[in-house]
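Reading through the structure tokens given below for one structure.
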Amino acid sequence: MRVYNFSAGPATMPLEVLERAQSELTDWHGSGMSVMEMSHRGKEFVGIAEQAEARMRSLLSVPDDYEVLFLQGGATGQFAAIPLNLTAPGDSAAYVNTGAWSTKAIAEAARFVRTQVLADESQSNYSSVPEEGSLHVPSDAAYLHYTLNETIGGVEFPYIPDSGAVPLVTDASSTILSRPIDVSRFGVIYAGAQKNLGPAGLVVVIVRKDLLGRARPETSTVLDWTAMAASGSMLNTPPTLSWYLVALVLEWIEQQGGVSEMARRNRAKADLLYGAIDDSDFYSNPVQPRARSWMNVPFLVPDPALEKEFVTQAAAAGLSGLSGHRSVGGMRASIYNAMPLEGVTALVAFMTDFEKQNG
Ligand SMILES: *Cc1c(COP(=O)(O)O)cnc(C)c1O
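Using this note's numbering, you'd call the opening residue of the sequence shown number 1 and step up by one each time.
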């Protein structure tokens with residue numbers, strides 16, 4: 001029996017994708033071998049990789065002047081790759097700090113560039129994002145970086161910041177493909193796979209071509225976007241099985257009706273869950289409504305002593321992965337693309353019962 005898995009990442013995958021992978025596991029399309037046993041340079045795997053890129057481009061309407069790279073090292077690797085690819089020693093880069101992941105991105109970048117933090121939401125206890133139009137981006141900044149969705153705090157930008165002529169860079173790890181996005185507004189969009197794209201092992205980097213060719217000479221080639229673009233993201237052996245599974249997830253999204261259909265479903269799930277929280281005097285969500293994430297929904301009960309009870313009883317009812325991040329406590333439901341509405345309906349029913357018994 002499968003549970004509803006609300007884990008933040010690695011996270012739930014579409015059952016259809018897992019079953020398809022299972023059926024192809026030992027013999028992919030009559031090749032007599034598993035995808036994980038194939039040469040990454042053979043025509044079978046190259047075909048899988050090309051299909052993944054083509055689907056990513058069509059689902060997100062990626063313009064032709066962007067590269068789509070499939071790299072390793074996670075989003076965390078890109079925290080360093082961004083300054084290494086976009087700055088020279090002595091340059092400065094602008095950041096917005098909206099929570100745990102921005103904080104990590106800033107700390108890593110500070111090893112390579114002067115970081116200027118234009119807005120710091122620690123004063124709001126990371127419960128919001130800066131007002132639209134409030135960021136003053138210095139024209140000499142090499143780029144402006146922000147975290148589109150803070151997976152731990154459950155804070156999501158409801159708008160794309162205006163960075164003028166300064167390239168805009170965003171960490172979209174936990175929100176990519178959950179709703180349409182205007183890629184042409186960005187210099188770089190990057191996203192680790194294990195939230196909304198598939199299993200861990202890959203990070204997708206969408207980079208505007210005019211930003212290539214600037215990597216510092218000492219940049220490790222596996223982090224060098226230009227070298228990776230020139231080699232079709234196969235400068236070294238890629239995580240072929242993860243790449244194949246991401247390709248299946250992209251095909252699944254396409255079959256479901258694409259990113260606009262994902263957005264419709266995600267909005268319905270988020271409305272249902274936030275509505276249940278707001279309608280109760282028992283549960284609360286600490287995030288300002290305009291910045292509430294559609295993907296990660298943290299919530300609290302009045303007495304922290306009840307948290308363990310909530311998580312244990314929920315797990316017994318087939319609702320798994322609801323503990324909040326260890327750094328913030330409380331509960332958190334991650335409701336990515338692959339979480340069906342029925343999972344959120346079951347969670348809300350459980351929450352209502354739990355409140356009746358403990359409220
Ligand atoms: C999960 C996550 C990361 C870290 O991803 P890794 O693959 O572990 O490096 C970075 N940023 C955001 C927004 C995330 O959700």
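Even for Gly, the Cβ is constructed at its ideal location relative to N, Cα and C.
As the structure is a computational prediction, the values presented were derived from the model and not from experiment.
Inset, instruction - Take glycine 367 and list the residues in its own chain whose beta-carbon comes closer than 7 Å to its own, dropping the five residues that flank it on each side. - result: Any property of residue 367 remains undetermined from this structure, which presents the chain solely from 1 to 359.
Inset, instruction - Counting only the same chain and skipping the five closest in sequence on each side, list residues whose C-beta sits under 6 Å from that of glutamate 44. - result: Here residue 44 corresponds to residue number 44 of the sequence shown, with the count starting at 1. Result list for glutamate 44: Ser31 and Met38, in chain order.
Legend entry - Among Val137, Met295 and Val113, the one whose alpha carbon lies nearest that of glutamate 156: Within the sequence shown, residue 156 is the residue found at index 156, counting from 1. For the residues Val137, Met295 and Val113, the minimum Cα distance to glutamate 156 belongs to Met295.
Inset, instruction - Excluding the 5 residues preceding and the 5 following alanine 247 in the sequence, name in chain order all residues of the same chain whose CB lies nearer than 6 Å to its CB. - result: Taking the first residue of the sequence shown as position 1, residue 247 is located at position 247. Closer than 6 Å at Cβ, skipping near neighbours: Ile48, Gln51 and Ala52.
Inset, instruction - Using only alpha-carbon positions, find the residue among Gly321, Met351, Ala315 and Gly343 that is nearest to isoleucine 277. - result: Translated into the one-based positions of the sequence shown, residue 277 becomes position 277. With distances taken between Cα atoms, isoleucine 277 lies closest to Met351.
Legend entry - Reference threonine 151, options Pro217, Phe6 and Glu254, closest by Cα: Against the sequence shown, residue 151 aligns to sequence position 151. Among Pro217, Phe6 and Glu254, the Cα nearest to that of threonine 151 belongs to Phe6.
Inset, instruction - For aspartate 140, name the three-state secondary structure that DSSP assigns. - result: To locate residue 140, count along the sequence shown from 1; it is residue 140. Note: aspartate 140 maps to coil in three-state DSSP.
Legend entry - Check: glycine 9 C-beta below 7 Å from any heavy atom of ligand 1: Position 9 of the sequence shown, counted from the first residue, corresponds to residue 9. Yes, since a heavy atom of ligand 1 falls inside the 7 Å radius drawn around the Cβ of glycine 9.
Inset, instruction - Mind reading off the beta-carbon distance from serine 260 to proline 180? Whole number of angstroms is fine, and I expect it under 8 Å. - result: If you number the sequence shown from 1, residue 260 lands on position 260. If you number the sequence shown from 1, residue 180 lands on position 180. 6 Å between Cβ atoms; contact.
Inset, instruction - Could you check if arginine 364 is buried or exposed, using at least 16 other CB atoms within 10 Å of its CB as the buried criterion? - result: Past the boundaries of the shown model lies residue 364; the chain is included only from 1 to 359, so the question cannot be answered.
Legend entry - Closer than 6 Å to ligand 1: residues, by C-beta to nearest heavy atom, in chain order: Gly9, Gly74, Ala75, Thr76, Trp101, Thr147, Thr151, Asp171, Ser173, Ser174, Gly192 and Lys195
Inset, instruction - Put serine 58 into one of helix, strand or coil per three-state DSSP. - result: Numbered from 1 along the sequence shown, position 58 holds the residue referred to as residue 58. Helix, per DSSP.
Inset, instruction - Enumerate in chain order the residues of its own chain whose CB-to-CB distance from alanine 142 is below 6 Å, with the five nearest sequence positions on each side excluded. - result: Residue mapping note: residue 142 aligns to position 142 of the sequence shown, counting from 1. The residues are Leu86, Thr87, Asp91 and Ala93.
Legend entry - Segment contact, 8 Å Cβ cut-off, at least three pairs: the segment 173 to 188 with the segment 207 to 218: yes
Inset, instruction - Identify, in the order they occur along the chain, each residue of the same chain with its Cβ nearer than 6 Å to the Cβ of aspartate 120, setting aside the five sequence neighbours on each side. - result: Here residue 120 corresponds to residue number 120 of the sequence shown, with the count starting at 1. Result list for aspartate 120: Asn97, in chain order.
Inset, instruction - Indicate the three-state DSSP secondary structure (helix, strand or coil) for alanine 172 in the structure shown. - result: Residue 172 sits at position 172 when you count from the first residue of the sequence shown. Three-state result, alanine 172: coil.
Legend entry - Every unbroken alpha helix (DSSP H) within the segment 287 to 341, with a cutoff of 4 residues, ordered by chain: 307 to 316
Inset, instruction - Kindly indicate the opening and closing residues of the beta strand (DSSP E) around serine 184. - result: Mapped onto the sequence shown, residue 184 falls at position 184. Counting along the chain, serine 184 falls outside any beta strand (DSSP E), and DSSP gives it neither H nor E.
Inset, instruction - Decide if the segment 108 to 118 is in contact with the segment 270 to 287; the criterion is three or more beta carbon pairs, one per stretch, under 8 Å apart. - result: no
Inset, instruction - Return the first residue and the last residue of the beta strand (DSSP E) that alanine 94 is part of. - result: Along the sequence shown, one-based indexing puts residue 94 at 94. Where alanine 94 is concerned, the enclosing beta strand (DSSP E) stretches over 92 to 97.
Inset, instruction - Taking all protein chains shown into account, decide if histidine 269 is buried (16 or more other Cβ within 10 angstroms of its Cβ) or exposed. - result: What you label residue 269 is simply residue 269 of the sequence shown in a count that begins at 1. With the sequence shown as reference, residue 269 is identified as lysine, and histidine is not the correct amino acid for it. With 16 or more Cβ atoms within 10 Å of its Cβ, lysine 269 is classed as buried.
Inset, instruction - Ignore the nearest five residues each way along the sequence and tell me which others in serine 127's own chain have a CB closer than 6 Å to its CB. - result: The residue labelled residue 127 in the question sits at position 127 within the sequence shown. Pro286, Val287 and Gln288, listed in sequence order.
Legend entry - Coarse secondary structure for glycine 232, derived from DSSP in three states: Residue mapping note: residue 232 aligns to position 232 of the sequence shown, counting from 1. Here glycine 232 sits in coil by DSSP.
Legend entry - arginine 216, DSSP secondary structure in three states: Working through the sequence shown from its first residue, we reach residue 216 at position 216. DSSP places arginine 216 in coil when its eight states are reduced to three.
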